[in-house]
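In full-length UniProt numbering, the protein residues as written are 1 to 328.
This is how it looks when you write it as structure tokens:
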């Protein structure tokens with residue numbers, strides 16, 4: 001007789017022999033019965049079935065100076081090991097340098113929780129367009145820019161890099177009207193895009209979505225479904241709902257009014273006529289343009305597989321499953 005069966009028989013005999021029970025005893029017995037039912041119906045939990053939460057484990061930092069991974073260490077174990085994050089020192093691995101001095105507890109206290117954005121200037125964006133790496137008739141988002149591989153090692157979601165920050169360097173030389181989507185932009189950069197007849201939106205992506213974007217081919221070959229993009233956390237909701245920053249959650253009519261107001265403030269005239277690009281825009285839960293959350297992409301068969309189970313369809317596309325990102 002198995003362990004669960006013996007426990008169930010013992011609990012059954014105890015109920016018959018004990019007679020009347022107090023409400024607390026009834027609640028305890030009913031809770032134990034529910035737990036036994038769940039354990040008896042669930043599959044066996046093994047060590048290789050356990051997984052950490054997304055983002056709970058970070059990759060070790062490799063130091064590539066002078067072709068070695070020493071970083072000042074010449075002992076075998078320390079020389080070849082992955083180095084700790086910036087701010088940690090050997091000897092006391094669990095106490096970073098910003099906690100060694102408690103004079104000001106706010107100084108770099110959240111350095112490991114800050115969001116980082118990869119800076120891309122307008123002159124760099126214009127150069128990428130001039131070289132023919134981007135199709136300016138379609139939506140230019142972080143997936144399209146990352147697919148060019150021109151960012152190199154600058155974009156790494158594992159380092160808490162949440163996308164692209166469009167800087168205003170070269171705002172006087174940017175001349176191409178495009179439909180652009182970035183994660184952070186200033187009003188000067190927004191004015192430079194709209195002055196030449198372009199369209200810009202700022203959109204939020206969580207780290208799990210950015211991992212799929214950073215190397216889409218690797219993600220598709222792994223057999224993982226396309227994740228559903230989460231909504232911004234509470235600390236960023238004001239930015240992505242602000243029409244002045246062209247937030248993707250803002251009211252379209254408010255964005256149009258802010259677009260006209262910015263042209264009057266900066267002193268330029270908005271171009272007339274139809275733009276030379278398609279006004280494509282992804283939904284808040286969408287990652288790749290033309291692909292839906294929950295789909296499986298087979299590069300070998302050149303096919304896209306749709307989820308058909310009602311639970312999966314509700315999880316990936318249901319209106320009630322819109323989750324906010326809990327990462328600060």
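Think of the CB as a built atom: it goes at the ideal place given N, C-alpha and C, for glycine as much as any other residue.
Selection from the options that minimises the alpha carbon distance to residue i
i           : options            : result
residue 286 : 264, 145, 206      : 206
residue 143 : 161, 214, 203      : 214
residue 190 : 282, 133, 268, 295 : 268
residue 277 : 49, 135, 291       : 135
residue 160 : 222, 223, 210      : 210
residue 228 : 212, 120, 127      : 212
residue 323 : 204, 110, 52       : 204
residue 140 : 236, 235, 181      : 181
residue 125 : 223, 137, 168, 110 : 168
residue 288 : 319, 138, 222, 151 : 138
residue 151 : 120, 162, 183      : 120
residue 114 : 162, 128, 132, 133 : 162
Spatial distance of residue i from residue j (CA atoms)
i           : j           : result
residue 153 : residue 194 : 30 Å
residue 40  : residue 296 : 32 Å
residue 253 : residue 300 : 44 Å
residue 326 : residue 303 : 33 Å
residue 116 : residue 145 : 17 Å
residue 317 : residue 263 : 38 Å
residue 261 : residue 118 : 29 Å
residue 43  : residue 293 : 27 Å
residue 130 : residue 147 : 16 Å
residue 216 : residue 225 : 11 Å
residue 208 : residue 33  : 37 Å
residue 50  : residue 31  : 25 Å
residue 54  : residue 230 : 13 Å
residue 128 : residue 266 : 26 Å
residue 222 : residue 156 : 18 Å
residue 237 : residue 35  : 39 Å
residue 48  : residue 38  : 21 Å
8 Å Cβ shell around residue i - same chain, five flanking residues per side excluded
i           : result
residue 196 : 174, 175, 176, 177, 271
residue 171 : 122, 188, 189, 191, 192
residue 240 : 202, 203, 204, 232, 247, 248, 249, 250
residue 245 : 185, 187, 190, 202, 239
residue 14  : Because the pLDDT of residue 14 is 45, which lies under 50, any placement of that residue in the model is unreliable, and the number read from its coordinates should be weighed accordingly. So the list is empty, once near-sequence residues are dropped.
residue 183 : 117, 142, 162, 163, 164, 165, 202, 203, 204, 205
residue 133 : 148, 150
Proximal residues to residue i (C-beta, below 6 Å), its chain only, five neighbours per side dropped
i           : result
residue 185 : 166, 202
residue 243 : 250, 254, 255, 258
The alpha helix (DSSP H) enclosing residue i, as first and last residue numbers
i           : result
residue 116 : First-last for residue 116: 116-121, but that is the beta strand (DSSP E), not the alpha helix (DSSP H).
residue 258 : 252-266
residue 313 : 310-317
residue 202 : Segment 199-202 is the beta strand (DSSP E) holding residue 202; no alpha helix (DSSP H) there.
residue 111 : Residue 111 -> no alpha helix (DSSP H), and no H or E assigned at all.
residue 209 : 207-214
residue 191 : 187-195
residue 240 : 237-240
residue 226 : That residue, residue 226, is in no alpha helix (DSSP H); it is neither H nor E in DSSP.
residue 279 : Looking at the DSSP string, residue 279 is not in any alpha helix (DSSP H), and its letter there is neither H nor E.
residue 144 : 142-147
Element boundaries [beta strand (DSSP E), containing residue i]
i           : result
residue 181 : 179-182
residue 167 : 161-167
residue 303 : 303-305
residue 296 : 296-298
Burial state of residue i, where buried means 16 or more other Cβ atoms lie within 10 Å
i           : result
residue 305 : exposed
residue 179 : buried
residue 331 : Because the chain is modelled from 1 through 328, residue 331 falls outside the range shown and cannot be assessed.
residue 46  : exposed
residue 200 : buried
residue 149 : exposed
residue 164 : buried
residue 282 : buried
residue 198 : buried
Neighbourhood of residue i by C-beta distance below 7 Å, restricted to the same chain and skipping five residues each side
i           : result
residue 220 : 297, 299
residue 309 : none
residue 312 : 294
residue 280 : 138, 139, 179, 289
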